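Going by the numbering used here, the sequence shown opens with residue 2, and the numbers climb by one from there.
For every residue, glycine included, the Cβ atom is placed at its ideal position computed from N, Cα and C.
Keep in mind the model is a prediction, meaning the values are calculated, not measured.
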Amino acid sequence: MDLLALADFNLVARHGGFGKASRAAGRPKATLSRRVAELEAGLDLRLFERGARDLKLTEEGRALFERTSKLLTEIDETTAAIASGGHSPRGRLRISAPLLFSQTAMGKLAAGFALKYPEVRLEVTTEDRAVDMVEEAYDLVIRVNPEPDESLVGRIFLRDRLVIVASPDLPRPADGRIVPAVIRGPDSEARSWNVVTKAGRASISVSSVLSLSSLVMVRDAVRVGVGAARLPISLVSHDLADGTLVQWADVEASEISLWTLYPTRRLLSARVSAFLDHLREAFPKGTPDELAAYLGR
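Okay, here's the thing in structure tokens:
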């Protein structure tokens with residue numbers, strides 16, 4: 002594939018027409034048209050629907066544009082950095098991160114990264130769903146206990162675990178008594194929590210009194226004393242130290258791993274490498290205590 006022809010195709014697709022692309026790049030319209038026609042002939046594909054007044058990408062053209070535009074941008078940025086003798090990351094960095102991590106840590110992380118690398122335009126989207134990194138143009142995703150995916154590589158940068166916590170005023174469970182519970186998300190069908198105490202494994206019978214969409218909301222409700230909850234220990238570490246909450250038990254098999262993931266088929270850009278280094282500096286050991294200290298009170 003002719004890389005220059007591919008770049009001209011991306012130029013036309015980005016501006017929505019040969020005339021607009023010609024004016025933006027200061028290049029002859031006929032040259033751009035010829036280069037795109039040569040690319041179509043080489044691929045044996047029609048990349049544009051050419052109407053009397055407008056130009057639209059075909060399905061194949063749209064797929065080619067989505068999958069090559071970012072790569073070409075990275076090539077341009079890399080060659081520009083080499084030509085200038087600099088190695089400072091620059092350009093746009095899009096990250097998808099889960100809700101709780103975004104609410105508690107991502108603002109501070111993003112601000113520190115922006116101060117360190119002012120030429121990077123950092124964009125963070127908060128969502129817990131699985132995203133298509135290529136189709137949605139993400140450079141990096143942060144996920145909790147992600148499913149295996151052969152198209153992605155990454156590493157664990159933080160670990161956490163769930164504990165049962167409650168207000169000191171809420172009586173501890175005894176003799177099978179049902180405990181009021183604050184649940185994250187829709188009311189769960191589960192009516193008991195499997196836990197581990199100093200005495201061994203046990204089960205706590207629960208009845209949902211509140212269903213909330215955020216673990217931060219769950220923690221705030223538990224502080225008031227409405228019920229007990231399962232929460233990451235990093236989120237309640239300071240409450241436990243201050244005595245505003247007490248820990249009843251560890252949740253059985255509740256290990257939490259936060260991963261950074263990126264596509265295997267792309268060279269790791271300077272921007273992604275810089276952000277991974279930024280995470281390592283913030284959480285060198287990746288422990289719950291380290292996260293709790295980073296979050297502060």
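query	result
Residue 276, DSSP secondary structure in three states	helix
Between the CA atoms of residue 196 and residue 242 - distance to the nearest angstrom	21 Å
Beta-carbon spacing of residue 179, residue 252 below 8 Å	no
For residue 128, the three-state DSSP class (helix, strand or coil)	coil
Rounded separation between residue 263 and residue 125 - CA only	15 Å
For residue 161: DSSP bridge partner residues	257
Beta-bridge pairing of residue 57 - partner residues as DSSP gives them	50
Rounded separation between residue 57 and residue 122 - CA only	29 Å
Selected residue, minimal CA-CA separation from residue 280, among 77, 295 and 172	295
Beta strand (DSSP E) segment containing residue 206, residue limits	201-213
Own chain residues within Cβ distance below 7 Å of residue 71, not counting five before or after	138
Identity of the residue in 168, 10, 170 and 144 nearest residue 158 by Cα	144
Of the listed residues 163, 30, 172 and 289, nearest to residue 231 (C-alpha basis)	163
Any non-hydrogen atom of the ligand COA within 7 Å of residue 60 CB	Because no ligand of any kind appears in the structure shown, any question about the ligand COA cannot be addressed here.
Among 169, 204 and 22, the one whose alpha carbon lies nearest that of residue 175	204
Own chain, CB closer than 8 Å to residue 11, minus 5 neighbours either side, in chain order	66, 69, 70 and 73
Extent of the continuous beta strand (DSSP E) to which residue 142 belongs	141-145
Residues of its chain near residue 59, where Cβ-Cβ distance is below 7 Å and the 5 sequence neighbours each way are ignored	47, 48, 49 and 50
Where residue 223 sits in the DSSP three-state scheme	helix
Closest Cα partner of residue 274 within the set 141, 102 and 287	141
Extent of the continuous alpha helix (DSSP H) to which residue 43 belongs	30-44
Buried or exposed by the 16-neighbour rule on C-beta atoms within 10 Å, applied to residue 4	exposed
Reference residue 148, options 260, 107, 172 and 93, closest by Cα	260
Cβ pair residue 236, residue 105 closer than 8 Å	yes
Reference residue 233; option with closest CA among 167, 207, 285 and 19	167
Integer-rounded CB distance, given that residue 228 should sit under 8 Å from residue 246	Between residue 228 and residue 246 the Cβ distance is about 12 Å, and since that is not below 8 Å, they are no contact.
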